[in-house]
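Participant: Take the sequence shown: its letter number 229 is residue 229 in the numbering used here, and every next letter is one higher. Take this structure, written in structure tokens, and hold onto it; I'll ask about it next.
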Amino acid sequence: MSDDHTTQALGVYGSRLASLDPTPNLDRIAKEGMIFDNCFVNNSICVPSRAAIITGQRAQTNGVIDLEGHIDPKRQYLPKEMKELGYHTAIVGKWHLKKEPEAFDFYQVLPSQGKYFNPEFRVRGDKPWPENIVQTKGHSSDKIMDITLDYLKNLRDPDKPFFLMHHFKAPHDDFEYAPRYEDYLTDTSIPEPESLYDNENNGSIATRGVRDSLTRIIGSSVSQRNLIRNQAMNIYWNDSTIYTKYRDAKDIEPHEFVKWEMDTAEKEYTGKVYQDYLKKYLRCVKGVDDNIKRLMDYLREEDLLENTIIVYTGDQGFMLGEHDYIDKRWMYEESMRMPFFVRYPKSIKSGTRTDAIINNTDFAPTLIELAGGAKPDYMQGKSFKSILETGEEPEDWQKATYYRYWMHLAHKHQNPAHFGIRTKNYKLIFFYGKYWVDTDDPDATWNKKSWGNDFANHTPVAWEFYDLKKDPKEMNNAYSDSEYAEVIADLKLQLTKIREDLNETDKNYPHIQKVIDAHWED
1 MSDDHTTQAL GVYGSRLASL DPTPNLDRIA KEGMIFDNCF VNNSICVPSR
51 AAIITGQRAQ TNGVIDLEGH IDPKRQYLPK EMKELGYHTA IVGKWHLKKE
101 PEAFDFYQVL PSQGKYFNPE FRVRGDKPWP ENIVQTKGHS SDKIMDITLD
151 YLKNLRDPDK PFFLMHHFKA PHDDFEYAPR YEDYLTDTSI PEPESLYDNE
201 NNGSIATRGV RDSLTRIIGS SVSQRNLIRN QAMNIYWNDS TIYTKYRDAK
251 DIEPHEFVKW EMDTAEKEYT GKVYQDYLKK YLRCVKGVDD NIKRLMDYLR
301 EEDLLENTII VYTGDQGFML GEHDYIDKRW MYEESMRMPF FVRYPKSIKS
351 GTRTDAIINN TDFAPTLIEL AGGAKPDYMQ GKSFKSILET GEEPEDWQKA
401 TYYRYWMHLA HKHQNPAHFG IRTKNYKLIF FYGKYWVDTD DPDATWNKKS
451 WGNDFANHTP VAWEFYDLKK DPKEMNNAYS DSEYAEVIAD LKLQLTKIRE
501 DLNETDKNYP HIQKVIDAHW ED
């Protein structure tokens, strides 16, 4: 798994970037197995996504709704189940779930997000967690693969099959690539998304405000549209006048809340930032792909390749300038969709792909069944082992997936809190615009020191609806189109049911439920 590696940056997903051939080694793995076109994250942010993967459970069941969550050893269910099936278990690289990954037989993990260069790793040792530290020199993508190869060669139990979770830090921001990639794509013009300069009818009053006034603070941008955080502040590391010069929402003056105009000068500036952004990002991706080749070469040389189930994914998607957005968090396609493919020639036919809907809570049950076990009753996800092995989607397979972003205006990316449902044909999103703690309650407590957060600022409530067959790039919010009235009504019924079935209602958050009740029929 890589961090923030989105489907647009993999050749096999056929995006505008596919012609650049950014991932030849990963593409080869994908083409030798099954590719999932409809794999979605439950919450497009690192910690909740990883918690869903390790537990097979949704946020309110595993207790991780935002970046401040953690997973105790007793709830590290996936390695526990694999160990019971006789596997030697290991995790290398990014962990990010706060507590010691004690359930694994072996671990060597980054502290929190970790560093790109000369990263240190937390290991098991004589001192209590997290005091046992190993210092390394080099780039994180290389070092993480070094550790994985050392584990496979020297540290695993040779008498047991292995279950290894290899997690790159790359290509997470600030996209600090290894120096050897400095010239990669230098003379290449990176194709731009159509919505970079004109977002047409994407969004709503919840994301744009009255007369587009809130576009100046909602959704971190490639352009200078977002006054609080835009991409130049993240990628120009050597320019002290720009780098990390974020603003606070409270300091934006009333006269600045005006509709964003992309004039000629701004378009030229935005184009330059986009090119620099994508090249840095894709250089990190190149480092991931090259290191994947090292792993594949080792498995092949040791005659392990054909007897190893290889799964590749990212912990969520990522916005690469679509709608003039950066980062993730949104329920929009590029952020919500995860790359996911599986290679195992013994039972998975090469050159296959499926549009069956899966989400990251389904990973653990599937891996457990592939290893010969049975899905535990406490896991909410569903195993798609039969889809992998037959290429067919069962008649009773899930027809929709549920999404929820809880944090609300966090880390100066300024994404409003929202939830919604995604089927193969449609997407319905409800922006309720409040933090999960009732910040209006004078007795309420929350982490007011959490960096870059504007939790107490409520944003407008609105619905968004997209016909994904007619409008796959989500350029037209058709919620008010009478043509879709029956479809939307049905989606609301499905959304109500899926929230109840998954224990994802707002019965424990009455200040949010009040908003839902007031605006459900808007």
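A virtual CB, placed ideally from N, CA and C, is assigned to each residue, including glycine.
Are there three or more Cβ pairs, one per stretch, closer than 8 Å when the region 19-32 is compared with the region 278-290?
Facilitator: Counting Cβ pairs under 8 Å, three or more are found: they touch.
Participant: Alpha carbon to alpha carbon, how far is residue 420 from residue 455?
Facilitator: So the two alpha carbons sit approximately 20 Å from each other.
Participant: With C-beta atoms as the reference, is residue 45 less than 8 Å away from residue 407?
Facilitator: The answer is yes: Cβ separation under 8 Å.
Participant: Mind checking who residue 535 pairs with in its DSSP beta bridge?
Facilitator: Residue 535 lies beyond the residue range present for the chain, which begins at 1 and ends at 522; the question has no answer from this structure.
Participant: Are residue 141 and residue 170 touching if we call contact CB-CB under 8 Å?
Facilitator: In this structure, residue 170 lies closer than 8 Å to residue 141 by Cβ.
Participant: Use the C-beta contact count for residue 56: other C-beta atoms within 10 angstroms, 16 or more gives buried, fewer gives exposed.
Facilitator: It counts as buried.
Participant: Let me know the secondary structure DSSP gives residue 108 once reduced to three states.
Facilitator: Strand, per DSSP.
Participant: When we look at the beta-carbon of residue 493 and count the other beta-carbons within 10 Å, is it buried (16 or more) or exposed?
Facilitator: Exposed: under 16 other Cβ atoms inside 10 Å.
Participant: For residue 418, which residues from the same chain have a beta carbon less than 7 Å from its beta carbon, with the 5 sequence-adjacent residues on both sides left out?
Facilitator: If we look at residue 418 and ignore the five residues flanking it on each side, its Cβ neighbours are 331, 405, 429, 430, 431 and 432.
Participant: Provide the residue span of the alpha helix (DSSP H) that contains residue 10, from first to last.
Facilitator: Looking at the DSSP string, residue 10 is not in any alpha helix (DSSP H), and its letter there is neither H nor E.
Participant: Could you pull out every unbroken alpha helix (DSSP H) segment of at least 4 residues lying fully inside the region 149-232, listed in chain order?
Facilitator: Entirely contained in the region 149-232, the alpha helix (DSSP H) runs reaching 4 residues are, in chain order, 205-208.
Participant: Should residue 195 and residue 334 be called a contact, given that it needs their Cβ atoms to be closer than 8 Å?
Facilitator: Going by C-beta atoms, residue 195 is not nearer than 8 Å to residue 334.
Participant: In terms of alpha-carbon separation, which member of 302, 136, 342 and 365 lies closest to residue 313?
Facilitator: The candidate whose alpha carbon is nearest that of residue 313 is 342.
Participant: Report all residues from its chain with a CB closer than 7 Å to the CB of residue 153; omit the five preceding and five following residues, and keep chain order.
Facilitator: Counting only Cβ-Cβ distances below 7 Å, and skipping sequence neighbours, we find nothing.
Participant: To the nearest angstrom, how far is it from the Cα of residue 371 to the Cα of residue 149?
Facilitator: Residue 371 and residue 149: Cα-Cα distance of roughly 22 Å.
Participant: As a quick exercise: from 506, 462, 510 and 112, pick the residue whose alpha carbon is nearest that of residue 50.
Facilitator: Among 506, 462, 510 and 112, the Cα nearest to that of residue 50 belongs to 112.
Participant: Between the Cα of residue 232 and the Cα atoms of 21, 191 and 327, which residue gives the shortest distance?
Facilitator: Ranking 21, 191 and 327 by Cα distance to residue 232 puts 327 first.
Participant: When you compare only the Cα positions, how much space is there between residue 129 and residue 400?
Facilitator: Approximately 40 Å between the Cα atoms of the pair.
Participant: Which one of 437, 459 and 507 has the shortest CA to CA distance from residue 204?
Facilitator: Ranking the options by Cα distance to residue 204, first place goes to 459.
Participant: Does DSSP put residue 371 in a helix, in a strand, or in coil?
Facilitator: In this structure, residue 371 counts as coil in the three-state DSSP scheme.
Participant: Under 8 Å, with one C-beta from each stretch per pair, do the region 216-232 and the region 250-263 reach the 3-pair mark?
Facilitator: In short, these stretches touch, since the Cβ pair count reaches three.
Participant: Using 8 Å as the threshold, is the C-beta distance between residue 364 and residue 381 below it?
Facilitator: Yes.
Participant: Start and end of the beta strand (DSSP E) containing residue 400?
Facilitator: From DSSP, the beta strand (DSSP E) with residue 400 extends over 400-405.
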